[in-house]
Amino acid sequence: MDESLTHKTDEELATLVQGKNEVAFGVLMSRYQPKLIRYGRKFLSEKAHIEDAVQEVFIKVYRNIQGFDATRSFSPWIYRIAHNMFVNTMRQNSRLPFVTVDLDLFSAHAAYEVDPAGDEERMEMRALVERGLEALSPNYREVIILYYLEQLAYQQIADVLHVPIGTVGVRLHRARETLKHYVAGN
Amino acid sequence: MSQETDIQKNVLEKIHRGEVSMRSKVYFMLRIILIGTASVLILVGSLFALSFVFFSIHASGVQFLLEFGERGLLKFSILFPWTSFFIFILFLVILEFLIRKITPMYRFSLLRIFLWILAIGIVGSTLVDLTPLHSFLLSEADKDQLPILGPWYEQIHDSHQNQGIYRGVITSLNDTGFTFVISYNDTDLDSDEGTWTIVPPSGFNIHALSVGENVYVAGHLQNGVVYAYGIRVVSDD
């Protein structure tokens, strides 16, 4: 692996991939594969399904890399592709409805304060997430995974899920409360 | 070899074999241009539809029903150009979908984006309604020279006698001051031509009317006489 590439940012690597630099694409894949596998585990249970989905994510990334705006953050862009892939695979495997009405998207949650979690709270929540993730509905599950496990900011989560920032805050709050109740009850 | 390496290897092999190719920048630019153009066309369509609603309401005289109390309000809700209005709403929903697709507007709630687009639609349609566009198209439709949209415009002239609405010119005022006669005689030979005797509602100052004036009357027909619950003089412009 080219040592000079490993020090480059995701966005710099993506720009190189846009110039058809396959080595740079290899570095990007190495960087994101463990993260995407971990993210996929929260949606899919079978290892083979997760690996197939991650491979498809990388293929989609390569195919659509010219559509990436390198002035913006790469992480939400690839997580957006991965998110869609995992959700679609999950729906195909579990017969979940393909179209669902999400009432959270309709209302304005502008008054909801963005409340960054401290290190201690993050550690505590990670433990809760590992113990009680199955208690959460998919909408809350994905937000809490992206925030506590993947450590994305509210804005980035909004970009991954294509939901308002206020909705991210509301879902995180509800997911935290649900998790605490679930863990306390067990 | 680890599983992680296998995934990367498979992807890179597919790229080398040409099974996976990179879409060109032009593809994404064309996609944005296409969606952008569609958005602009839908915006224009929505402005046209809502401005037609405004124009249709005042050109047909339906707006006068708002001054005729509860019964007038009920008739207004029946005669409102709902089809054009729902087309406008449909265009707004499609526009919102497209805007969320090509811009980061998804960061705002659906309701907020919808209200923004609605406000733009109302302001824009009001401006369009101030232009002679719809009057011109209506006159073209009257001359049977407006393809496709012609029937849409011709419905402005539809007779609403079945709803108790009568339009016409005052031809005579009764000496007793309780009745007057209107006739409607346009060039389109619809079912609305005819002559009616109107009994105004109690308290109505019939002396405010004069022969030759256009009036819009809401009432019910009984034994050939229209008992009105609302009368409005229509200005010639």
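In order, the protein sequences belong to chains A and B. The numbers in the working numbering rise by one with no breaks, and the one at position 92 of the first sequence is 129. The numbers in the working numbering rise by one with no breaks, and the one at position 24 of the second sequence is 15. We put the beta carbon where it would ideally sit given N, CA and C, even for glycine. Please read all numbers here as calculations on a predicted model, not as lab measurements.
With a CB to CB cut of under 7 Å and the five nearest residues on each side skipped, what residues in its chain are close to residue i?
i: residue 42 (chain B); result: 116, 119, 120 and 125
i: residue 72 (chain A); result: 187
i: residue 95 (chain A); result: 66
i: residue 203 (chain B); result: 160 and 161
i: residue 78 (chain B); result: 40
i: residue 85 (chain B); result: 33
Can you list, in chain order, the residues of its chain with a C-beta nearer than 6 Å to that of residue i? Leave out the 5 residues immediately preceding and following it.
i: residue 221 (chain B); result: 59, 63 and 209
i: residue 46 (chain B); result: 120 and 125
i: residue 189 (chain A); result: 183
i: residue 61 (chain B); result: none
From the DSSP output, read off the bridge partner residues of residue i.
i: residue 73 (chain B); result: Partner(s): none; residue 73 (chain B) has no beta bridge.
i: residue 122 (chain B); result: Partner(s): none; residue 122 (chain B) has no beta bridge.
i: residue 33 (chain B); result: Answer is none; residue 33 (chain B) lacks a bridge partner.
i: residue 221 (chain B); result: B:209
i: residue 163 (chain B); result: B:172
Helix, strand or coil: which one does DSSP assign to residue i?
i: residue 232 (chain B); result: Outside the displayed range of chain B (-8 to 228) lies residue 232 (chain B), so it cannot be described from this structure.
i: residue 139 (chain B); result: coil
i: residue 212 (chain B); result: strand
i: residue 205 (chain B); result: strand
i: residue 94 (chain B); result: coil
i: residue 46 (chain A); result: coil
i: residue 213 (chain A); result: helix
i: residue 158 (chain B); result: strand
i: residue 200 (chain B); result: coil
i: residue 71 (chain A); result: helix
i: residue 175 (chain A); result: helix
Within the same chain, show all residues whose beta-carbon is closer than 8 Å to that of residue i, passing over the 5 residues directly before and after it, in chain order.
i: residue 81 (chain A); result: 87, 90, 123, 126, 127 and 130
i: residue 78 (chain A); result: 87
i: residue 76 (chain B); result: 40, 41 and 44
Please state if the CB of residue j and the CB of residue i are separated by a distance shorter than 8 Å.
i: residue 165 (chain A); j: residue 209 (chain A); result: no
i: residue 87 (chain B); j: residue 111 (chain B); result: no
i: residue 9 (chain A); j: residue 102 (chain A); result: An answer regarding residue 9 (chain A) cannot be provided, because it is not within the stretch 38 to 223 covered by chain A.
i: residue -1 (chain B); j: residue 112 (chain A); result: no
i: residue 200 (chain A); j: residue 97 (chain B); result: yes
i: residue 188 (chain B); j: residue 215 (chain B); result: yes
i: residue 81 (chain B); j: residue 26 (chain B); result: no
i: residue 23 (chain B); j: residue 69 (chain B); result: no
i: residue 48 (chain A); j: residue 107 (chain A); result: yes
i: residue 8 (chain B); j: residue 100 (chain A); result: no
Please go through the segment 75 to 144 of chain A and give each complete alpha helix (DSSP H) segment of 4 or more residues, from N-terminal end onward. With a minimum length of 4 residues, the continuous alpha helix (DSSP H) runs that stay inside the segment 75 to 144 of chain A are 84 to 101 and 111 to 131.
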